[in-house]
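For reference, the structure discussed in these notes is given below.
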Amino acid sequence: MRSNSCGDLRKEHISTAVTLCGWIDRCRDHGGVIFIDLRDSSGTIQITVDPDQGKEMFSIAESLRNESVLQIKGVVRARPLEAVNSKLKTGEIEVLASELNVLNPVRGNLPFTVSIHDEESIREEVRLKYRYLDLRRERMSKNLRTRHKTIRTVRNFLEEEGFIEIETPILTKSTPEGARDYLVPSRVCEGQWFALPQSPQIFKQLLMVGGIEKYYQIARCFRDEDLRADRQPEFTQLDIEMSFMNQEQILDLNERLIATIWKNIKGVELPRPFPRITWEQAMHRFGTDRPDTRYGMELHDINDIARSIKFKVFSNAVLSGGSVKCINVKGGNQSISNVRIKPGGDIFSEAQKVGAGGLAFIRVRESNEIDTIGAIKENLNEDQKNELLQRTDAEPGDLILFGAGETSTVNKTLDRIRQFLAKELGLISKENNDKNWNFLWVVDFPMFEFNSDENRLEALHHPFCAPNEEDLGHNPEIWSKQLPKSRAQAYDLVLNGLELGGGSLRIHNSDLQKAVLKTVGISENEAIKQFGFLIEALDMGAPPHGGLAFGLDRIMMLLMGEESIREAIAFPKTQQARCLMTQAPSETSTLQLEELSIKMDLKTPE
RNA sequence: GGGACCGUAGUUCAACUGGUUAGAGCACCGCCCUGUCACGGCGGAAGUUGCGGGUUCGAAUCCCGUCGGUCCCGCCA
47 MRSNSCGDLR
57 KEHISTAVTL
67 CGWIDRCRDH
77 GGVIFIDLRD
87 SSGTIQITVD
97 PDQGKEMFSI
107 AESLRNESVL
117 QIKGVVRARP
127 LEAVNSKLKT
137 GEIEVLASEL
147 NVLNPVRGNL
157 PFTVSIHDEE
167 SIREEVRLKY
177 RYLDLRRERM
187 SKNLRTRHKT
197 IRTVRNFLEE
207 EGFIEIETPI
217 LTKSTPEGAR
227 DYLVPSRVCE
237 GQWFALPQSP
247 QIFKQLLMVG
257 GIEKYYQIAR
267 CFRDEDLRAD
277 RQPEFTQLDI
287 EMSFMNQEQI
297 LDLNERLIAT
307 IWKNIKGVEL
317 PRPFPRITWE
327 QAMHRFGTDR
337 PDTRYGMELH
347 DINDIARSIK
357 FKVFSNAVLS
367 GGSVKCINVK
377 GGNQSISNVR
387 IKPGGDIFSE
397 AQKVGAGGLA
407 FIRVRESNEI
417 DTIGAIKENL
427 NEDQKNELLQ
437 RTDAEPGDLI
447 LFGAGETSTV
457 NKTLDRIRQF
467 LAKELGLISK
477 ENNDKNWNFL
487 WVVDFPMFEF
497 NSDENRLEAL
507 HHPFCAPNEE
517 DLGHNPEIWS
527 KQLPKSRAQA
537 YDLVLNGLEL
547 GGGSLRIHNS
557 DLQKAVLKTV
567 GISENEAIKQ
577 FGFLIEALDM
587 GAPPHGGLAF
597 GLDRIMMLLM
607 GEESIREAIA
617 FPKTQQARCL
627 MTQAPSETST
637 LQLEELSIKM
647 DLKTPE
């Protein structure tokens, strides 16, 4: 059908006869001569149609429309010197057409133009409905190619390291804890349901028991939770698991993998080893377990000062078991007005979104005079003031913002304000260099966190993470006592404040596994019922093992410089988990439901 | 479940404080044009202002509901 690809033609092809196929990117009809920009996946080339080469062909050319599919035969020739287009890779040449074949004409209106020159931002709703057209645009086509190249890099790297790729079931069993499952009814086993995997966690552990030693998978995962710009109901994990390796070795391997990806895709040499921070330090210094360490503005705990201060918002926060923390916005006196911090202001609104009642502030003036509301100024003695300024490293011109209240709210608030202001004040450089790709391992997560709604402990990662051996001790008798305050051998990889992935060493001792499940409220009976198969497997020679899973779509989004995960996925879903192209999900026939023994009981609107 | 923003021609936008026949670019159709490359020129067609209701002499504009999209909170080990 074709002899060459459009974008591959160069000067050395001059005088060769070629047959090309592609889409019409644009036409320029000059009456006596017509130029067609023909585009295929390799690029674009100019086709020149001259009436001297055939009247019939010329009249076809006169009726062409953008995006029609065209086959052309012709000869490559040099463009006249003055007509060379340096913007095109093929700009020194053109193809003089001798035959045009419309393989498929466009009929009706196109919802939007594909040509890269139309940089208009089309409404995403329209892009998603006609995704196949959107994919023809340079941006998406480039993104999909980047994705492919990244995955190929991953496969090559892991292949070299001796890993093998294994698929695990999509129709599987619901896992405990975690997100809401997508369910699939079984026709054969009436009344029973499969769950789509939230991750291949248990299967990959069983592969280790199966003696695979080094496994990976580009695995589709499903979670029926509400969506965000970086969250889709089905998403892809790069899932890795290995046996007989300690945490140090696992982190090293993954660092090399990430460094290889960034080298291949972004051409950046990442400095290794990646810095590490403990979970405790991350929470203390940044108020989050995924800190963005590209800029300062770290959190300072001032509970000791706040406790004795006569400003009730502060002292009450401490006395009721909460915290008072602050960040120092360098030069904030000038860049941030009071209006923005007070109700109605943008900074206030940011704080409000995560539950803060407001933000107290102190402006540091000349000779360390402070400018703030009376309630603080009058109740802060000289020593307290000096201690505060010293601790926050404050100088004249700085603005100190405070959060007071429940510790988790304070942390969330200041973390969010910190990120918001960093963006606002231009503290983040977008340049593609090793300093701006700020990787960070967060290690030593706690095993559990308390869920106050359900009044019980929950696994912070998942209930298969191995506890820190020192914290646990070697006496199984006291495991259940030690576990709640143990750290886990778990780690997250964070990039610029986004969690890219995480993992852990796993439990390979069945007693310990049962003890951990019991800690999160799953009795031994229940444990046997739900994962007897795993617990049994642990007693049949399960090797020490561990691994990690990366959110591949999120990594892609960052590599592509996109703001939404949807740009990294060929056919993404909307925030209501709907596919605008296929109109899924949709109603089904009663026959299908009958076969599945399902009756619907729809909530009627009140 | 909650908060915020958005929906006008195929598409991107405009239409003042509620006031004549809802305008413009691109795309589309017709005519002209032999070196353009986001070609150019002249003309034309194109609208249930997402949908339903209300207020009003009068609604794209104000109010209520609803559908859809985006961002966020909750949620997402």
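Counting in the numbering used here, the first sequence runs without a single skipped number right up to 652 at its last residue. The C-beta atom is built at its ideal place from N, Cα and C for all residues, glycine as well. Bear in mind that the values here come from a model prediction, so they are computed numbers and not experimental data.
{"query": "Buried or exposed (CB count within 10 angstroms, at least 16 for buried), residue 465", "result": "buried"}
{"query": "At least 3 beta-carbon pairs within less than 8 Å: the stretch 253–269 vs the stretch 206–213", "result": "yes"}
{"query": "Whether residue 85 touches residue 67 by CB criterion (8 Å)", "result": "no"}
{"query": "Option in 245, 104, 359 with minimal Cα separation from residue 368", "result": "359"}
{"query": "For residue 438, the first and last residue of its enclosing alpha helix (DSSP H)", "result": "Segment: none, residue 438 is in no alpha helix (DSSP H) and carries neither H nor E."}
{"query": "Residue 244 and residue 267 closer than 8 Å at C-beta", "result": "yes"}
{"query": "Rounded separation between residue 99 and residue 63 - CA only", "result": "14 Å"}
{"query": "Distance, residue 430 Cα to residue 474 Cα", "result": "33 Å"}
{"query": "Every unbroken alpha helix (DSSP H) inside the stretch 493–543 [4 residues or more]", "result": "515–518, 525–528"}
{"query": "Residue range of the unbroken alpha helix (DSSP H) whose run includes residue 350", "result": "349–354"}
{"query": "The stretch 191–203 / the stretch 213–232 touching (three or more Cβ pairs under 8 Å)", "result": "no"}
{"query": "Where residue 122 falls: helix, strand or coil (DSSP)", "result": "strand"}
{"query": "Beta carbon of residue 541 nearer than 8 Å to that of residue 529", "result": "no"}
{"query": "Whole-angstrom distance between residue 302 and residue 591, CA atom to CA atom", "result": "19 Å"}
{"query": "The stretch 346–354 / the stretch 303–319 touching (three or more Cβ pairs under 8 Å)", "result": "no"}
{"query": "Cβ-Cβ distance between residue 511 and residue 462 below 8 Å", "result": "no"}
{"query": "C-alpha gap between residue 547 and residue 491, whole angstroms", "result": "14 Å"}
{"query": "Nearest candidate by alpha-carbon position, reference residue 147, set 125, 132, 114", "result": "114"}
{"query": "Endpoints, beta strand (DSSP E) assigned at residue 288", "result": "280–289"}
{"query": "Sufficient close CB pairs (3 or more, under 8 Å) joining the stretch 230–245 to the stretch 569–585", "result": "no"}
{"query": "Span separating the alpha-carbon of residue 618 from that of residue 151", "result": "28 Å"}
{"query": "Presumed contact (8 Å Cβ cut-off) between residue 545 and residue 336, rounded CB distance", "result": "5 Å"}
{"query": "Cα-Cα separation between residue 54 and residue 589, rounded to whole angstroms", "result": "52 Å"}
{"query": "Contact between the stretch 165–176 and the stretch 103–119 (3+ Cβ pairs under 8 Å)", "result": "no"}
{"query": "Cβ-based neighbour list, residue 651, same chain, cut-off 7 Å, excluding 5 preceding and 5 following", "result": "The predicted position of residue 651 is uncertain, since its pLDDT is 48 and thus under 50; no value can be drawn from it."}
{"query": "8 Å Cβ cutoff met for residue 585 and residue 610", "result": "no"}
{"query": "Three-state class that DSSP yields for residue 71 in the structure shown", "result": "strand"}
{"query": "Separation of residue 254 from residue 426, as counted between CA atoms", "result": "60 Å"}
{"query": "Start-end ranges of the beta strand (DSSP E) lying completely within the stretch 354–410, minimum 3 residues", "result": "369–375, 406–410"}
{"query": "Where residue 459 falls, given that 16 or more other Cβ within 10 Å makes a residue buried", "result": "buried"}
{"query": "Helix, strand or coil at residue 140 according to DSSP, with G and I counted as helix", "result": "strand"}
{"query": "CA-to-CA distance, residue 632 to residue 395, given in whole angstroms", "result": "38 Å"}
{"query": "Beta-bridge partners of residue 260, as assigned by DSSP", "result": "288"}
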